[in-house]
Structures are given as structure tokens and as C-alpha cells.
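Chemist: First the structure, then my questions, so here it is.
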Amino acid sequence: MNPFLAYIISFSAAILLYTFCWSTLYPSLSPGLLVFLVATIAVHGAIAMRWKRSLENYPMVVLTEDSRPLYVTGLICLLWLADFVHAGGIPIIKILANEPYDYRAFGIPTLHVFTVTFASFYTVYLFRLFLDTRKKSVLVFFCINLAAAVLIYSRAMFIFNLVSCAFIGLHYIGKLNARYLAISAAVLAVVLFLFGVLGNLRESHVHQVDDGNAFFLETGSASKSFRNSIVPNEYFWAYVYLTSPLANLQKNINLADRHPPGIRRLGGMVVSEWIFDSISKRLFKTKLLIDPGEHTIYPFNVSTVYSRSFSYQGWFGMAATAIFILILPWVYLRIVGQTSPYLTIGLGILCTMYLFMMYDNTISTTGLGFQIAYPVLFAWLEKKKLFMLRDVA
Numbered sequence: 008m009n010p011f012l013a014y015i016i017s018f019s020a021a022i023l024l025y026t027f028c029w030s031t032l033y034p035s036l037s038p039g040l041l042v043f044l045v046a047t048i049a050v051h052g053a054i055a056m057r058w059k060r061s062l063e064n065y066p067m068v069v070l071t072e073d074s075r076p077l078y079v080t081g082l083i084c085l086l087w088l089a090d091f092v093h094a095g096g097i098p099i100i101k102i103l104a105n106e107p108y109d110y111r112a113f114g115i116p117t118l119h120v121f122t123v124t125f126a127s128f129y130t131v132y133l134f135r136l137f138l139d140t141r142k143k144s145v146l147v148f149f150c151i152n153l154a155a156a157v158l159i160y161s162r163a164m165f166i167f168n169l170v171s172c173a174f175i176g177l178h179y180i181g182k183l184n185a186r187y188l189a190i191s192a193a194v195l196a197v198v199l200f201l202f203g204v205l206g207n208l209r210e211s212h213v214h215q216v217d218d219g220n221a222f223f224l225e226t227g228s229a230s231k232s233f234r235n236s237i238v239p240n241e242y243f244w245a246y247v248y249l250t251s252p253l254a255n256l257q258k259n260i261n262l263a264d265r266h267p268p269g270i271r272r273l274g275g276m277v278v279s280e281w282i283f284d285s286i287s288k289r290l291f292k293t294k295l296l297i298d299p300g301e302h303t304i305y306p307f308n309v310s311t312v313y314s315r316s317f318s319y320q321g322w323f324g325m326a327a328t329a330i331f332i333l334i335l336p337w338v339y340l341r342i343v344g345q346t347s348p349y350l351t352i353g354l355g356i357l358c359t360m361y362l363f364m365m366y367d368n369t370i371s372t373t374g375l376g377f378q379i380a381y382p383v384l385f386a387w388l389e390k391k392k393l394f395m396l397r398d399v400a
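The numbering of the sequence shown is this note's numbering, which starts it at 8 and goes up by one.
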């Protein structure tokens, strides 16, 4: 349950994989960027130890089973059904049947945001409930909710939910040994391979090509060293997803227009990078804030948590976002409270956010970032005796 350690793992792995040079699209990392990233990794390492000691004083409230999983899962299923009706079918079936489907237009506007975020939070909640109760019925409900990501063909949602559950599971284990490390490595290898398989399937469907694997190798400009290696081609998806954001960050640093710090640009950065995008995109429509955009390597358009901050305020913007990232877990810990039954769930999701900051700005990404609001909300509702998500008898 250490978001700072998750940050270290993520960025360290990306920098290491970047040195493999498996894509010819990527620019060389500049000394300035490397110094910045290594410095943030070092600071996160120092703070991670303090976080660990602080968290030892937070007891874990045990959850107990009641009838609510049936009713809440039923509500979530109705919400997904509304999305399917709106989209004219179930995405996974459309793709398998080779029917037209645009994942970017899926879901009822606004309501879909709630459906995705609440369903994801509740999936993680059910996993925590299963660890406490060991009831098979809870495990069944967990699998049903987890399967939603498969039905809507959202690899991101599926992996985010699994990773959040993994953090909670590791928290229950308490410490890692060789056996758990071996199992984790095997599971990770399988998940990343399937991630590539699903990606190839999507490429074949979207671009109407016979071999999605070969198409993506060309799209990502896979190097000869990768093509001639023993690594299965399916893993090129994982490599690109882990390293292309870093390449985009470097390209944005190389090409972004430099502007002196200003109030409008600083305000735009705060709103754009530190607030959920479901809110910020509406504020930008007012034309009161500036959107400087960012430079990316086509067709890969994500570029870590720092890229747009650089577009707004240069190195100062990146440093400000780095400080915000360091402060956020402490603020969240204080808001949720050490006696909250939802603390481990919120921290599991928070760790997932920090693990994927290398990939994108998961703070502003509503689909993931907004999930940390539910532990706060349900703790407050329970305290005020307005609604109980769990059995407290």
C-alpha cells in the first residue's frame, strides 16, 4: 500500500526498458530529463520509508458479508445494460462479429463516467470483502463485476481493476517471498501476453487488416533487434505502452513552445493536470483557460503525468506537478481517516494511479482518478447514517 514505491517501480521499469531500443520511433532521452526523473525516484524512495512507518499505525477494519452485493451488482448490471442499449450492442460481441464499433463513443454521456468509476471501485471493494469473508458468493459477484471490463472491451479498466486488487492482496500477505514473486511474475507474463493478443484483435478489427500483429509491429516501428529476438511479438504491445509515453515526454520537451510563467498558463495547468478531466474539459470550453497542447509520436498519444505540465510552464511546471504528486497521498490519507473501513480500498486504487503515472496523467483521468472519491463518499455516508455499503452489525 505504498504509492511512492509504485511510482519508483513504474518509472524505473520504463527507463530500463527504454534502453532496449525496440522501437526506431523514439528520440534519445536528454540528460535533463534523466536527471529530473532520477531525482523524483530518489525523493519518492526517501518518502516511501516514512509512508511505510506511518501506515503501520493504521488498523485494517474487517468487512463482513450481507445481502448488499446482490443488489449493488444488480444496479451496476442495469447501468451497463443502459450503455449497451445506447451503443446498439455489447462491444466484445460487436468486435468478434466484425461489426462497426467505436470505443471512444461508447456509453451514455455523463452517466457512463459514473458507471465506469463506481463499477471499478465496487469490483475492488468486493475483492477486499472476499479476502475478509472468504465466501464463495462474494467471489462470484467479484468475477461478475470484473467481467464488465471484458464485455466493454476495455483493457485499461480490466488491468486497473486487477492491479488495485493485487495491491490489496499484497497488503493482506504482508510480505513477499520467492513463491509469491514467482507466481506474480507468471501471472504478469500471461496478462501482458493476453494484452497483446487483444490488442492485435482490436487492430485487425479497427483497421480491417488480416494480421493485427504485423500491422502493429509496423505501426510501432519495431526494431530489427526485437523482431530477431526470442520475445513473442505480442509483448511488443506491453513494451510500447510502457515506453512510448516516455518517448512522447521527451519529444514534447524538445518541441514545446517556451513561454514565461503566467497566471493564465499556471491556472490552466492546475485545472488541466490536477483536476478530473470530466470537470476540466468543461472549464476549457469557457475559453478562459489556455490549452497549449503537446507534441507526441503518431499514433501514440499518451506521455506520462508530466508532459502537459511542461507544455504549460516548462521545467517549473514539471517540478510543480512532481511536488503535487508527493503531497497527494498524505492529503488523501488524512481525508479518508485511519479508522475508515474503506481505507485499504482507497489506497489500493491510489497505488494503481501512481503505478500508471508513467503511462498517463492518472490524477486527471476520471476513469481511474475519480475512483478514490468513493471511499471518502461512502465513509461519510456511513458516518452520517445515510447509507451503508457494508454490514456494520
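Heads up, the beta-carbon is just placed ideally off N, CA and C, and yes, glycines get one too.
What you are looking at is a predicted structure, and each value in this text was computed from that prediction instead of being measured.
Should Glu-280 be labelled buried (16 or more other beta-carbon atoms within 10 Å of its own) or exposed?
Modeler: Reading the sequence shown from its first residue, position 273 is the one you call residue 280. Its Cβ being crowded by 16 or more others within 10 Å, Glu-280 is buried.
Chemist: Going by CA-CA distance only, name the one from Tyr-129, Leu-362, Thr-359 and Ala-89 that's closest to Leu-384.
Modeler: By one-based count along the sequence shown, residue 384 stands at place 377. Nearest to Leu-384 by alpha-carbon distance, out of Tyr-129, Leu-362, Thr-359 and Ala-89, is Tyr-129.
Chemist: Are the CB atoms of Tyr-33 and Ala-254 nearer to each other than 9 Å?
Modeler: Along the sequence shown, one-based indexing puts residue 33 at 26. Along the sequence shown, one-based indexing puts residue 254 at 247. Their beta carbons are under 9 Å apart, which means Tyr-33 touches Ala-254 by this criterion.
Chemist: Looking at C-beta atoms only, is the number of pairs between the region 24 to 31 and the region 223 to 232 that lie closer than 8 Å three or more?
Modeler: Touching, yes, given that three or more Cβ pairs across the two stretches are closer than 8 Å.
Chemist: Just to confirm before moving on: does the CB-CB distance between Tyr-319 and Leu-262 stay below 9 Å?
Modeler: Taking the first residue of the sequence shown as position 1, residue 319 is located at position 312. Taking the first residue of the sequence shown as position 1, residue 262 is located at position 255. A distance of 9 Å or more separates the beta carbons of Tyr-319 and Leu-262.
Chemist: Tell me which residues share the same chain as Leu-158 and place their Cβ nearer than 6 Å to its Cβ, disregarding the 5 neighbours each side in the sequence.
Modeler: Indexing the sequence shown from 1 puts residue 158 at position 151. The answer, listed in chain order, is Ile-97 and Ile-99.
Chemist: Would you kindly work out how many angstroms separate the C-alpha atoms of Ile-282 and Ala-126, rounded to a whole number?
Modeler: Start at 1 with the first residue of the sequence shown, and residue 282 comes out as number 275. Start at 1 with the first residue of the sequence shown, and residue 126 comes out as number 119. If I take the Cα positions, the gap works out to 21 Å.
Chemist: Bridge partners of Ala-229, per DSSP?
Modeler: Walking along the sequence shown from the start, residue 229 turns up at place 222. Answer is Ser-30.
Chemist: The alpha helix (DSSP H) spanning Glu-389 covers which residue range?
Modeler: Residue numbering aside, residue 389 sits at position 382 when the sequence shown is read from its first letter. Secondary structure note for Glu-389: its alpha helix (DSSP H) is the uninterrupted segment 380 to 390.
Chemist: Alpha carbon to alpha carbon, what distance is there between Met-8 and Gly-181?
Modeler: The sequence position of residue 181 within the sequence shown is 174, counting from 1. The sequence position of residue 8 within the sequence shown is 1, counting from 1. Cα to Cα, the separation comes out at about 10 Å.
Chemist: Output yes or no for whether 9 Å exceeds the beta carbon distance between Ser-310 and Leu-256.
Modeler: Here residue 310 refers to the residue found at position 303 when the sequence shown is read from its first residue. Here residue 256 refers to the residue found at position 249 when the sequence shown is read from its first residue. In this structure, Leu-256 lies closer than 9 Å to Ser-310 by Cβ.
Chemist: Distance, Cα to Cα, Leu-12 vs Glu-106?
Modeler: In the sequence shown, the residue the question calls residue 12 occupies position 5. In the sequence shown, the residue the question calls residue 106 occupies position 99. Cα to Cα, the separation comes out at about 43 Å.
Chemist: Okay, do the region 215 to 228 and the region 237 to 244 touch, 3+ Cβ pairs below 8 Å being the bar?
Modeler: Inter-segment contact for the region 215 to 228 and the region 237 to 244 is present: three or more beta-carbon pairs are separated by less than 8 Å.
Chemist: Can you say whether Gly-378 is buried or exposed, counting buried as having 16 or more other CB atoms within 10 angstroms of its CB?
Modeler: Against the sequence shown, residue 378 aligns to sequence position 371. First, the amino acid is wrong: residue 378 is Gln here, not Gly. Buried, by the Cβ-count rule.
Chemist: Tell me the rounded alpha-carbon separation between Tyr-160 and Pro-306.
Modeler: As a first step, residue 160 must be located in the sequence shown, where it is residue number 153. As a first step, residue 306 must be located in the sequence shown, where it is residue number 299. Whole-angstrom Cα-Cα distance: 20 Å.
Chemist: Rounded to whole angstroms, how far is the Cβ of Ser-430 from the Cβ of Ser-236, which I believe are closer than 8 Å?
Modeler: Because residue 430 is not part of the residues shown, which for the chain are 8 to 400, the question remains open.
Chemist: Go to Asn-168, then tell me how far its alpha helix (DSSP H) extends in each direction, as first and last residue.
Modeler: Here residue 168 refers to the residue found at position 161 of the sequence shown. That run of the alpha helix (DSSP H) goes 162 to 180.
Chemist: Please classify Ala-53: is it buried, with 16 or more other beta-carbons within 10 angstroms of its beta-carbon, or exposed?
Modeler: Position 46 of the sequence shown, counted from the start, is the residue given in the question as residue 53. A residue is called buried when at least 16 other Cβ atoms come within 10 angstroms of its Cβ; Ala-53 does not meet this threshold and is exposed.
Chemist: Which residue wins for smallest C-alpha separation from Pro-299, given the options Leu-290, Arg-289 and Arg-315?
Modeler: Along the sequence shown, read from residue 1 onward, the residue named residue 299 stands at position 292. Minimum Cα distance to Pro-299 is reached at Arg-315.
Chemist: Relative to the C-alpha of Trp-322, which candidate in Ser-61, Val-198, Ile-260 and Asn-184 has its C-alpha closest?
Modeler: To locate residue 322, count along the sequence shown from 1; it is residue 315. Looking at the Cα atoms, Ile-260 is the closest of the given residues.
Chemist: To the nearest whole angstrom, what separates the beta carbons of Leu-362 and Tyr-339, a pair I think is in contact under 8 Å?
Modeler: On the sequence shown, residue 362 is found 355 positions in, with the first residue counted as 1. On the sequence shown, residue 339 is found 332 positions in, with the first residue counted as 1. 16 Å between Cβ atoms; not a contact.
Chemist: In chain order, what are the residue ranges of uninterrupted alpha helix (DSSP H) at least 4 long that sit wholly in the region 279 to 345?
Modeler: 284 to 291 and 314 to 343
Chemist: Taking the alpha-carbon positions, what's the Thr-140 to Thr-303 distance?
Modeler: Counted from its first residue, the sequence shown places residue 140 at position 133. Counted from its first residue, the sequence shown places residue 303 at position 296. Those two C-alpha atoms are separated by around 47 Å.
Chemist: Report buried or exposed for Pro-38, applying the criterion of at least 16 other Cβ atoms within 10 angstroms of its Cβ.
Modeler: The sequence position of residue 38 within the sequence shown is 31, counting from 1. Answer is exposed; the Cβ neighbour count stays below 16.
Chemist: In the DSSP assignment, find the alpha helix (DSSP H) that holds Gly-269 and state where it starts and stops.
Modeler: Here residue 269 refers to the residue found at position 262 of the sequence shown. Premise fails: Gly-269 is in no alpha helix (DSSP H) and is neither H nor E.
Chemist: Based on Cα-Cα distance, which residue from Pro-116, Phe-134 and Val-42 lies nearest to Pro-76?
Modeler: Here residue 76 refers to the residue found at position 69 when the sequence shown is read from its first residue. Of the candidates Pro-116, Phe-134 and Val-42, the one whose C-alpha sits nearest the C-alpha of Pro-76 is Phe-134.
Chemist: Looking at the unbroken alpha helix (DSSP H) that takes in Asn-259, where does it start and where does it end?
Modeler: Along the sequence shown, read from residue 1 onward, the residue named residue 259 stands at position 252. Counting along the chain, the alpha helix (DSSP H) containing Asn-259 begins and ends at 242 to 262.
Chemist: Would DSSP call Arg-234 helix, strand or coil?
Modeler: Here the question's residue 234 lines up with position 227 in the sequence shown. Looking at Arg-234 - three-state DSSP - the assignment turns out to be helix.
Chemist: Measure the C-alpha to C-alpha separation of Met-164 and Leu-183 and round it to an integer number of angstroms.
Modeler: On the sequence shown, position 157 is the one that residue 164 refers to. On the sequence shown, position 176 is the one that residue 183 refers to. For Met-164 and Leu-183, the distance between alpha carbons rounds to 26 Å.
Chemist: Quick one, are the C-beta atoms of Leu-70 and Leu-136 less than 9 Å apart?
Modeler: Residue mapping note: residue 70 aligns to position 63 of the sequence shown, counting from 1. Residue mapping note: residue 136 aligns to position 129 of the sequence shown, counting from 1. The answer is yes: Cβ separation under 9 Å.
Chemist: Who are the Cβ neighbours of Asn-152 in its own chain at under 8 Å, not counting the five residues just before and after it?
Modeler: Stepping through the sequence shown from its first residue, residue 152 is reached at position 145. So the list reads Thr-80, Ile-83, Ala-126, Tyr-129, Thr-130 and Leu-133, once near-sequence residues are dropped.
Chemist: Report the residue ranges of all alpha helix (DSSP H) runs contained in full by the region 16 to 94; include only those spanning at least 4 residues, in chain order.
Modeler: Listed in chain order, the complete alpha helix (DSSP H) runs (minimum 4 residues) inside the region 16 to 94 are 38 to 62 and 75 to 94.
Chemist: Anyone know if the C-beta pair for Val-68 and Leu-350 falls short of 9 Å?
Modeler: Position 61 of the sequence shown, counting from 1, holds the residue named residue 68. Position 343 of the sequence shown, counting from 1, holds the residue named residue 350. Result yes, Cβ atoms of Val-68 and Leu-350 sit closer than 9 Å.
Chemist: Assign Asn-220 to buried or exposed, taking buried as 16 or more other Cβ atoms, counted over all protein chains shown, within 10 Å of its Cβ.
Modeler: In the sequence shown, residue 220 corresponds to position 213, counting from 1. So Asn-220 ends up on the buried side.
Chemist: Taking only the alpha-carbon atoms, compute the straight-line gap between His-93 and Ile-115 and give it to the nearest angstrom.
Modeler: Looking up residue 93 in the sequence shown gives position 86. Looking up residue 115 in the sequence shown gives position 108. His-93 and Ile-115: Cα-Cα distance of roughly 6 Å.
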